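One structure is given here, and the rest of the page talks about it.
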Amino acid sequence: MKLLTIGIGLKGAKVVENFYRKGIKVNRAPLFKCFAILGDESHIRTVKMRDDRKFYAPSKKSVPAFLNSITRIYELWEGGLIIFSIEDEYSFELALEINEKIREVFEDPIMSLLLIPTIEKLDLTDLKKKILEVKKKSDILLLFEGKVDFEEKILKSLNLLALAGEVDLKRRVAGEVVVDTSDVFNALKSDGFSVIGFAEKKIPIEIFKKKNELKARRTKRIIDLYELALQNLSVLGNIEEASSSLVLFSGPKEEITMEGIFEVIGRIEKMNQSMEIRYGDCPLQSRKVSLIVLFSGIKSLKLQG
Numbered sequence: 101m102k103l104l105t106i107g108i109g110l111k112g113a114k115v116v117e118n119f120y121r122k123g124i125k126v127n128r129a130p131l132f133k134c135f136a137i138l139g140d141e142s143h144i145r146t147v148k149m150r151d152d153r154k155f156y157a158p159s160k161k162s163v164p165a166f167l168n169s170i171t172r173i174y175e176l177w178e179g180g181l182i183i184f185s186i187e188d189e190y191s192f193e194l195a196l197e198i199n200e201k202i203r204e205v206f207e208d209p210i211m212s213l214l215l216i217p218t219i220e221k222l223d224l225t226d227l228k229k230k231i232l233e234v235k236k237k238s239d240i241l242l243l244f245e246g247k248v249d250f251e252e253k254i255l256k257s258l259n260l261l262a263l264a265g266e267v268d269l270k271r272r273v274a275g276e277v278v279v280d281t282s283d284v285f286n287a288l289k290s291d292g293f294s295v296i297g298f299a300e301k302k303i304p305i306e307i308f309k310k311k312n313e314l315k316a317r318r319t320k321r322i323i324d325l326y327e328l329a330l331q332n333l334s335v336l337g338n339i340e341e342a343s344s345s346l347v348l349f350s351g352p353k354e355e356i357t358m359e360g361i362f363e364v365i366g367r368i369e370k371m372n373q374s375m376e377i378r379y380g381d382c383p384l385q386s387r388k389v390s391l392i393v394l395f396s397g398i399k400s401l402k403l404q405g
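Each residue of the sequence shown is one higher than the one before, counting from 101 in our numbering.
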């Protein structure tokens with residue numbers, strides 16, 4: 101899934117810088133096509149990206165020039181990812197304008213990743229108002245709480261999400277259940293907002309184990325990853341009310357068992373029988389197994405864990 105990725109304001113730009121430096125690549129091509137927009141000229145040099153990827157835009161008047169500049173760069177994308185903070189009025193206003201202008205030019209889905217303060221510092225009335233404003237301008241809204249290391253969590257979560265629909269021509273390895281780009285966007289599109297949970301575990305070196313023992317351990321590891329991901333959600337939303345969900349597994353092909361996948365699906369079904377569930381796996385040669393779980397169509401936050 102190739103994404104036009106735009107970070108607005110210093111917080112958004114720093115998240116995009118992370119994708120620029122460490123974003124996933126398939127067939128040597130980056131899946132995140134990264135750009136940064138800043139309203140303070142002194143911030144330009146603090147963002148470590150190529151000069152043609154950084155733009156100074158003091159107000160909404162600069163948005164058409166920015167869009168003209170990025171369309172001159174020949175790159176393919178299947179959707180847009182706009183990253184900005186609710187706490188920065190400049191970023192918020194510019195994000196609304198960019199969302200609107202991009203939708204006038206491109207037919208691809210637009211996803212807004214909204215960085216919000218920690219729950220204790222959150223003004224819920226203001227958040228609700230701003231969510232409604234963003235939803236009018238974009239197709240998908242993903243919330244991320246500004247906890248410690250949130251930039252790294254965003255990177256790892258979306259790196260795995262972006263693998264959906266991608267084929268590594270060199271390795272030629274396909275998953276048991278393939279999820280494509282349209283599956284991801286259909287899972288994300290909803291009347292409410294989306295949250296995402298991520299978890300990963302190292303694979304221990306296990307020798308002299310019988311096949312059935314190894315399979316049992318692998319299945320249990322997948323179930324544990326799902327439970328860890330639920331404890332590591334991007335924001336604490338009422339996931340039980342979600343209208344759709346998506347689960348993606350990643351790691352060596354032999355480490356992802358169908359028994360583990362179906363156990364996770366069963367646990368989601370118990371949460372909400374009417375929830376639409378999509379799932380798939382992305383085989384990778386690694387000493388880790390990773391999982392993301394995504395819930396969409398959420399209408400409210402949990403104020404306490």
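Note that beta-carbon positions come from the ideal geometry of N, C-alpha and C, so glycine has one too.
Everything numeric in this text was worked out from a predicted model, so none of it was measured.
Mind checking residue i: buried by the 16 CB within 10 Å criterion, or exposed?
i: residue 224; result: exposed
i: residue 381; result: buried
i: residue 245; result: buried
i: residue 127; result: exposed
i: residue 121; result: exposed
i: residue 171; result: exposed
i: residue 358; result: exposed
i: residue 304; result: exposed
i: residue 298; result: buried
i: residue 374; result: exposed
i: residue 264; result: buried
i: residue 216; result: buried
i: residue 173; result: exposed
Give the straight-line distance between the Cα atoms of residue i and residue j, rounded to the nearest whole angstrom.
i: residue 108; j: residue 402; result: 27 Å
i: residue 290; j: residue 200; result: 18 Å
i: residue 405; j: residue 318; result: Note that residue 405 scores 47 on pLDDT, short of 50, meaning its location in the model is unreliable and no value can be drawn from it.
i: residue 260; j: residue 325; result: 14 Å
i: residue 281; j: residue 119; result: 19 Å
i: residue 158; j: residue 195; result: 13 Å
i: residue 106; j: residue 153; result: 9 Å
i: residue 197; j: residue 163; result: 7 Å
i: residue 110; j: residue 143; result: 7 Å
i: residue 188; j: residue 220; result: 18 Å
i: residue 321; j: residue 345; result: 20 Å
i: residue 205; j: residue 140; result: 27 Å
i: residue 226; j: residue 218; result: 14 Å
Are residue i and residue j closer than 7 Å when you measure CB to CB?
i: residue 117; j: residue 147; result: yes
i: residue 248; j: residue 295; result: no
i: residue 329; j: residue 398; result: no
i: residue 256; j: residue 389; result: no
i: residue 186; j: residue 232; result: no
i: residue 184; j: residue 243; result: no
i: residue 356; j: residue 362; result: no
i: residue 112; j: residue 169; result: no
i: residue 177; j: residue 258; result: no
i: residue 287; j: residue 367; result: no
i: residue 400; j: residue 332; result: no
Within a Cβ cutoff of 7 Å, which residues of the same chain sit near residue i, ignoring the five residues on either side of it in sequence?
i: residue 386; result: 351 and 352
i: residue 115; result: 107, 183, 251 and 254
i: residue 149; result: 117, 120, 134 and 136
i: residue 236; result: none
i: residue 241; result: 212, 214, 231, 234, 235, 293 and 294
Just list the residues that DSSP pairs residue i with in beta bridges.
i: residue 383; result: 351
i: residue 49; result: Outside the displayed range of the chain (101 to 405) lies residue 49, so it cannot be described from this structure.
i: residue 104; result: 133 and 180
i: residue 398; result: 293
i: residue 211; result: 181 and 240
i: residue 206; result: Note: residue 206 sits in no beta bridge, so no partner.
i: residue 138; result: 156
i: residue 378; result: 346
i: residue 186; result: Residue 186 is not bridged to any residue.
i: residue 245; result: 216
Which same chain residues, not among the five before or five after residue i, have their C-beta less than 6 Å away from its C-beta?
i: residue 209; result: 179, 239 and 285
i: residue 155; result: 137 and 166
i: residue 131; result: 102, 124 and 262
i: residue 312; result: none
i: residue 230; result: 186
i: residue 393; result: 297, 329 and 347
i: residue 175; result: 133
i: residue 279; result: 264 and 380
i: residue 395; result: 295, 339, 342 and 345
Can you list, in chain order, the residues of its chain whose CB lies under 8 Å from that of residue i, leaving out five sequence neighbours each side?
i: residue 309; result: 317
i: residue 340; result: 371 and 372
i: residue 365; result: 347, 377 and 379
Residue i: beta carbon under 6 Å from a heavy atom of the ligand MG?
i: residue 401; result: As for the ligand MG, it is missing from this structure, which has no ligand bound.
So with Cβ pairs under 7 Å, would you call residue i a contact of chain C?
i: residue 150; result: The chain inventory of the structure shown lacks chain C, comprising one protein chain alone.
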